[in-house]
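Colleague:
2 protein chains.
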Amino acid sequence: MKERILEHVFHPKTVAVIGASDHDGFSQALMSTRMRDSLFLVNPKYSELHGRTCYSSILDIEDDVEYVVIAVPAPNVPGVLSDCIAKGVKTAHVFTAGFSETGLPERRALEEEVGKIAEGRINLIGPNCMGVHCPGSGLTFIPDASTEPGPVGVVSQSGTFAEQFLSVGQLRNVQFSKVISYGNAIDLDCPDLLEYLATDPETEVIALYIEGTRNGERLKAAMNQAARLKPVVALKGGVTVQGGRAASSHTGSLAGSAQVWNSLFRQTGVVQVDNFEELLDATLALSCARLPAGKGTAIITNSGGFSVLETDLCVKAGLEVPPFTDETIAALRKMVPLAGTSISNPLDAWPIYYNLPGKSGTLADAIRILSHDTNIHSIVLHFDEVAYLRRILGDAVEDLLKELIPVMVEGCEYARDTMGRAVTVCVSLDAYSEDEEDRRYHMMAKKAFEAERFPVYPALSASIKALYNLYRYSTRYGAL
Amino acid sequence: MKERILEHVFHPKTVAVIGASDHDGFSQALMSTRMRDSLFLVNPKYSELHGRTCYSSILDIEDDVEYVVIAVPAPNVPGVLSDCIAKGVKTAHVFTAGFSETGLPERRALEEEVGKIAEGRINLIGPNCMGVHCPGSGLTFIPDASTEPGPVGVVSQSGTFAEQFLSVGQLRNVQFSKVISYGNAIDLDCPDLLEYLATDPETEVIALYIEGTRNGERLKAAMNQAARLKPVVALKGGVTVQGGRAASSHTGSLAGSAQVWNSLFRQTGVVQVDNFEELLDATLALSCARLPAGKGTAIITNSGGFSVLETDLCVKAGLEVPPFTDETIAALRKMVPLAGTSISNPLDAWPIYYNLPGKSGTLADAIRILSHDTNIHSIVLHFDEVAYLRRILGDAVEDLLKELIPVMVEGCEYARDTMGRAVTVCVSLDAYSEDEEDRRYHMMAKKAFEAERFPVYPALSASIKALYNLYRYSTRYGAL
Numbered sequence: 102m103k104e105r106i107l108e109h110v111f112h113p114k115t116v117a118v119i120g121a122s123d124h125d126g127f128s129q130a131l132m133s134t135r136m137r138d139s140l141f142l143v144n145p146k147y148s149e150l151h152g153r154t155c156y157s158s159i160l161d162i163e164d165d166v167e168y169v170v171i172a173v174p175a176p177n178v179p180g181v182l183s184d185c186i187a188k189g190v191k192t193a194h195v196f197t198a199g200f201s202e203t204g205l206p207e208r209r210a211l212e213e214e215v216g217k218i219a220e221g222r223i224n225l226i227g228p229n230c231m232g233v234h235c236p237g238s239g240l241t242f243i244p245d246a247s248t249e250p251g252p253v254g255v256v257s258q259s260g261t262f263a264e265q266f267l268s269v270g271q272l273r274n275v276q277f278s279k280v281i282s283y284g285n286a287i288d289l290d291c292p293d294l295l296e297y298l299a300t301d302p303e304t305e306v307i308a309l310y311i312e313g314t315r316n317g318e319r320l321k322a323a324m325n326q327a328a329r330l331k332p333v334v335a336l337k338g339g340v341t342v343q344g345g346r347a348a349s350s351h352t353g354s355l356a357g358s359a360q361v362w363n364s365l366f367r368q369t370g371v372v373q374v375d376n377f378e379e380l381l382d383a384t385l386a387l388s389c390a391r392l393p394a395g396k397g398t399a400i401i402t403n404s405g406g407f408s409v410l411e412t413d414l415c416v417k418a419g420l421e422v423p424p425f426t427d428e429t430i431a432a433l434r435k436m437v438p439l440a441g442t443s444i445s446n447p448l449d450a451w452p453i454y455y456n457l458p459g460k461s462g463t464l465a466d467a468i469r470i471l472s473h474d475t476n477i478h479s480i481v482l483h484f485d486e487v488a489y490l491r492r493i494l495g496d497a498v499e500d501l502l503k504e505l506i507p508v509m510v511e512g513c514e515y516a517r518d519t520m521g522r523a524v525t526v527c528v529s530l531d532a533y534s535e536d537e538e539d540r541r542y543h544m545m546a547k548k549a550f551e552a553e554r555f556p557v558y559p560a561l562s563a564s565i566k567a568l569y570n571l572y573r574y575s576t577r578y579g580a581l
Numbered sequence: 102m103k104e105r106i107l108e109h110v111f112h113p114k115t116v117a118v119i120g121a122s123d124h125d126g127f128s129q130a131l132m133s134t135r136m137r138d139s140l141f142l143v144n145p146k147y148s149e150l151h152g153r154t155c156y157s158s159i160l161d162i163e164d165d166v167e168y169v170v171i172a173v174p175a176p177n178v179p180g181v182l183s184d185c186i187a188k189g190v191k192t193a194h195v196f197t198a199g200f201s202e203t204g205l206p207e208r209r210a211l212e213e214e215v216g217k218i219a220e221g222r223i224n225l226i227g228p229n230c231m232g233v234h235c236p237g238s239g240l241t242f243i244p245d246a247s248t249e250p251g252p253v254g255v256v257s258q259s260g261t262f263a264e265q266f267l268s269v270g271q272l273r274n275v276q277f278s279k280v281i282s283y284g285n286a287i288d289l290d291c292p293d294l295l296e297y298l299a300t301d302p303e304t305e306v307i308a309l310y311i312e313g314t315r316n317g318e319r320l321k322a323a324m325n326q327a328a329r330l331k332p333v334v335a336l337k338g339g340v341t342v343q344g345g346r347a348a349s350s351h352t353g354s355l356a357g358s359a360q361v362w363n364s365l366f367r368q369t370g371v372v373q374v375d376n377f378e379e380l381l382d383a384t385l386a387l388s389c390a391r392l393p394a395g396k397g398t399a400i401i402t403n404s405g406g407f408s409v410l411e412t413d414l415c416v417k418a419g420l421e422v423p424p425f426t427d428e429t430i431a432a433l434r435k436m437v438p439l440a441g442t443s444i445s446n447p448l449d450a451w452p453i454y455y456n457l458p459g460k461s462g463t464l465a466d467a468i469r470i471l472s473h474d475t476n477i478h479s480i481v482l483h484f485d486e487v488a489y490l491r492r493i494l495g496d497a498v499e500d501l502l503k504e505l506i507p508v509m510v511e512g513c514e515y516a517r518d519t520m521g522r523a524v525t526v527c528v529s530l531d532a533y534s535e536d537e538e539d540r541r542y543h544m545m546a547k548k549a550f551e552a553e554r555f556p557v558y559p560a561l562s563a564s565i566k567a568l569y570n571l572y573r574y575s576t577r578y579g580a581l
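In order, the protein sequence lines correspond to chains A and B. If you count the first sequence from 1, you need to add 101 to reach my numbering. If you count the second sequence from 1, you need to add 101 to reach my numbering.
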């Protein structure tokens, strides 16, 4: 029953922003999607806004309004919400903050009042949250968000977390089915949203950011159900005592002990991660990579020093970097020159990075050989050749890269599609690099891998941790 | 005695590259510095190279040559080295790889032969390494390296590690005194280099990447001496068993057990870190930040969700996020509006990020208040307002940032310079962001903080971990 109500939440026919202004993000966001033609703006201060009629009250709108965004001062929320109910609105997203999360008794009472008004009369999201992003319907809270639907559903108790996950996710080729920031959760709460995404055919992977819950049993049941149907990756905010105190100031949540949450995630088969980046990185990997059939990881790199550090990173993360079989080593030895290389796992075989198709021993050939090795279940490919190639080739590097990058992608496709190996790619790039050419060349490589649905990461540690989280997920229920 | 020899290594009057070619990085690198006027190129294949005379042999050069870079195939190294000794060269850097690190007995014998030729006759760096970068003399191995000297000395067993540390370090405002990649270390080894940097007046902080050693006792003594004179931060490559196997393929090192190395670092007061990024981040902080007088950290942010996660990151790292005193809270409450904020530690006070000078309650005012709090020894400032401000202001954001950024910097200067607090800054920026305007605004903030010598990081976790490493260093010998 609740599921059908939620379907409705994500696909309203008409939307109103109450408290619209010339700089509010919701109006701007909704005017940038197909929702623009079904959008009403409400604010008694304006008669016109963004070149369209602005209504004094929702009651003045003649059409039916199915969904509202409420962005008025907290003390005005009860009145506005009552108007919405009178108007027959089905879902209200209360963006407004300043309720129980302030810790003030009068604000807690205000929140309770809002809850009582809504109860049984309207679906309420929030207060103190960003609401819903759904590329399929055009409902959104970010003006520049992609309108391309994808497999990742996100449930976030925090609004800025949801915004950031969406913004950075888009840079990393994560594509979203639905993103919901649910805040103080007077009515629609995390379990409702998990239950919905669990059976939502558009959602293949669920990412969850949660600070606390009022109903542990319902949450556990919802996690259990969701995690049996699709991968669920979760980050618990406020997992330390001091972080828990911060969570209570933020969403008014009781954070609970780390042990309770750890065992909740473990018991329900939810993959728990440690921070924002790891949640994003694992979600990306689970949305596109194959699952590894074991811990054995092959590392392909162009640097001796980093080959050592990558091996340490793998082993510390919980993976293994086993020796190649004798057959693999014999086959590689035919291709790779001796000096400055290491024909073992990690494979530090920098000269073959530069072999073009037609030459014997391209990187694709090496990856093909590796992917037959029975000790190997996953491959991490590290691409960081740009600086070196530019020094040697200058501007001619662009033409070389146009030939070399497809060779690397081809090798990875063989490993994944023919041999069933999990593959992650690191295209090293520093956040603060200002060298435009350098960025352009790296982005060429990144996008070529993404076009064939490989998960690409700017940092080695991320590409390895993502692989480990694929492995963790694959062993959840002895599955594969 | 050895120290005086090393001074000589870093400041040669003349340099030759043996095995120069039209694309070798060493010639290009040295021609880009003041060393260009004291540089000779040697290769029997050319009579002219890069528009200058190319000599068949070092013996053909009439001038004295003090330092050579040897980049010829491994089997030719003994002959070339003998020529260098005959010529009276004082230091030879052998770039060439293909010696003991191959694991082949004949290559190990070749390395021993090279060592015997050099012994007592010439200072030898390498083989299998990048050699020396010294902005003060112009000796370098990277064409685009900064020639601005700074306080950071680096000793790296790996060549690509040294290159990467130098390249990424420059993007992060790390400035270098000397960077040495020493490879297989036939002659000049890690302890020699540590001893030199320990008493080098140009070097204030030492970063070390090491995979193994042949002489643990000498290394321990050198670490002990260096760490008593200045901060030493170290990353051990091959700290896992499989990583140790990779290290042995890389530099022919015996990696030793993790426990042995952990206790070596602990006993000598060297701050051990876990990965490349942490080494760079800690080095940056130690090269410019104040040391904190305790664990108490104030977090200033614009996001509730991230305030919770930052608190967790701090506590997991080993810091504390204590409540502010009643005086601090009372003073902040006068400035910060209630809704959507949290007037506690972490301080989620987004509205004051936008208060310009003249208005009461700027971010500088808030930082001033915090920095008087007796529970607070350090401050992490998180700047991530650009997307929000652009949505509201469009292009006008640039003018606003020009006023807002100096306010933030001013607050941080007060905390550091007047109140003695440790300060790190996170200017959030994703490696793969392609939005040029967004990058430009973030870089404005980054550079403004760097101009006043604050350590700036693109990721929250890095800004917090760096603070923790400052704290760790401050407690090494019960100092402070």
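For every residue, glycine included, the Cβ atom is placed at its ideal position computed from N, Cα and C.
(1) Along the region 374 to 391 of chain B, where does the CB come closer than 8 angstroms to a CB of chain A? Name the residues.
(2) Could you check if B:P556 is buried or exposed, using at least 16 other CB atoms within 10 Å of its CB as the buried criterion?
(3) So B:H277 packs on B:A130, CB below 8 angstroms; how close in whole Å?
(4) Leaving out the 5 sequence neighbours to the left and right, which residues in its chain are closer than 7 angstroms to A:L294 when beta-carbon positions are compared?
(5) Helix, strand or coil: how does DSSP classify B:H483 here?
(6) Please determine, among A:A523, A:A552, A:R522 and A:T475, the residue with the shortest C-alpha to C-alpha distance to A:P507.
(7) Does A:A210 pass the burial test, meaning 16 or more other C-beta atoms within 10 Å, or should it be called exposed?
(8) Considering Cα atoms alone, identify which of B:L142, B:E214 and B:A117 is closest to B:Y168.
(9) Assign A:R153 to one of two classes, buried (16 or more other C-beta atoms within 10 Å of its C-beta) or exposed (fewer than that).
(10) Taking only beta-carbon positions, decide if B:Q100 is within less than 9 angstroms of chain A.
(11) Rounded to whole angstroms, what's the CA-CA distance from A:I181 to A:V173? Just pull it up for me.
(12) Report the rounded CA-to-CA distance for B:G579 versus B:V371, giving the unit in angstroms.
(13) Which runs of the alpha helix (DSSP H) spanning at least 4 residues fall entirely within the region 110 to 143 of chain B, listed in chain order?
(14) To which residues does DSSP link B:Q368 through a beta bridge?
(15) With H, G and I counted as helix, E and B as strand and the rest as coil, what does DSSP make of B:Y533?
(16) Once you ignore the five residues that flank B:E421 on each side, which residues in its own chain have a CB closer than 6 angstroms to its CB?
(17) Where does the unbroken beta strand (DSSP E) through B:N224 begin, and where does it stop?
(18) What are the boundary residues of the alpha helix (DSSP H) that A:L336 is part of?
(19) So with CB distances below 9 angstroms, who are the chain B contacts of A:A323?
(20) Measuring straight from C-alpha to C-alpha, what distance separates A:M509 and A:A246?
(21) Would the beta-carbon of A:E149 be found less than 8 angstroms away from any heavy atom of the ligand HEM?
(22) What are the boundary residues of the beta strand (DSSP E) that A:T192 is part of?
(23) For A:E499, which three-state DSSP category applies?
(24) Run through DSSP, which three-state label would B:K146 get?
(25) Suppose you measure from the CA of A:L160 to the CA of A:A198; what does that come to, to the nearest Å?
(26) If you follow the alpha helix (DSSP H) that A:V277 is in, where does it begin and where does it stop?
(27) Given a threshold of 16 other Cβ atoms within 10 Å of its Cβ, counted over all protein chains shown, does B:T519 qualify as buried or as exposed?
(28) Could you check whether the Cβ of A:R577 sits closer than 9 angstroms to any Cβ belonging to chain B?
(29) Chain A beta carbons: is any one of them nearer than 9 angstroms to that of B:F407?
(30) Examine chain B for any beta-carbon lying closer than 9 angstroms to the beta-carbon of A:D474, and answer yes or no.
(31) In three-state terms, what does DSSP make of B:Q258?
(32) What did DSSP end up calling A:L568 once you bin it into helix, strand or coil?
(33) Return the Cβ separation of A:R517 and A:R391 in integer angstroms, given the expectation that the two are a contact with Cβ distance under 8 angstroms.
(34) Quick one: is B:L505 near chain A, going by C-beta distance under 9 angstroms?
(35) Tell me which same chain residues have a C-beta within less than 7 angstroms of the C-beta of B:L320, skipping the five on either side of it?
(36) From B:V269 to A:A348, what does the alpha carbon distance come to, in whole angstroms?
Modeller: The relevant details are as follows:
(1) D375, N376, F377 and E378
(2) buried
(3) The sequence shown places Phe at residue 277 of chain B, not His. About 14 angstroms; that fails the 8 angstroms criterion.
(4) V256, I281 and Y283
(5) strand
(6) A:A552
(7) exposed
(8) B:A117
(9) exposed
(10) Residue 100 of chain B lies beyond the range of chain B shown here (102 to 581); nothing can be said about it.
(11) A small correction: the amino acid at residue 181 of chain A is Val; Ile does not occupy that position in the sequence shown. Rounded to whole angstroms, A:V181 to A:V173 spans 8 angstroms at the Cα level.
(12) Because the pLDDT at B:G579 is just 48, under 50, the model does not fix this residue reliably, and the value given afterwards should be weighed accordingly. Rounded to the nearest angstrom, the two C-alpha atoms are 14 angstroms apart.
(13) 126 to 132
(14) DSSP output for B:Q368 lists no bridge partner at all.
(15) coil
(16) K396 and G397
(17) N224 to I226
(18) No alpha helix (DSSP H) contains A:L336, which is instead part of the beta strand (DSSP E) from V333 to K337.
(19) Result: empty, since nearest Cβ-Cβ is about 21 angstroms, beyond 9 angstroms.
(20) 31 angstroms
(21) Ligands are entirely absent from the displayed structure, and the ligand HEM is therefore not among its contents.
(22) T192 to V195
(23) helix
(24) coil
(25) 24 angstroms
(26) Going by the sequence as given, residue 277 of chain A is Phe instead of Val. Unbroken run through A:F277 is the beta strand (DSSP E), F277 to S282; no alpha helix (DSSP H).
(27) exposed
(28) no
(29) yes
(30) no
(31) coil
(32) helix
(33) 6 angstroms
(34) no
(35) C291, P292 and T314
(36) 35 angstroms
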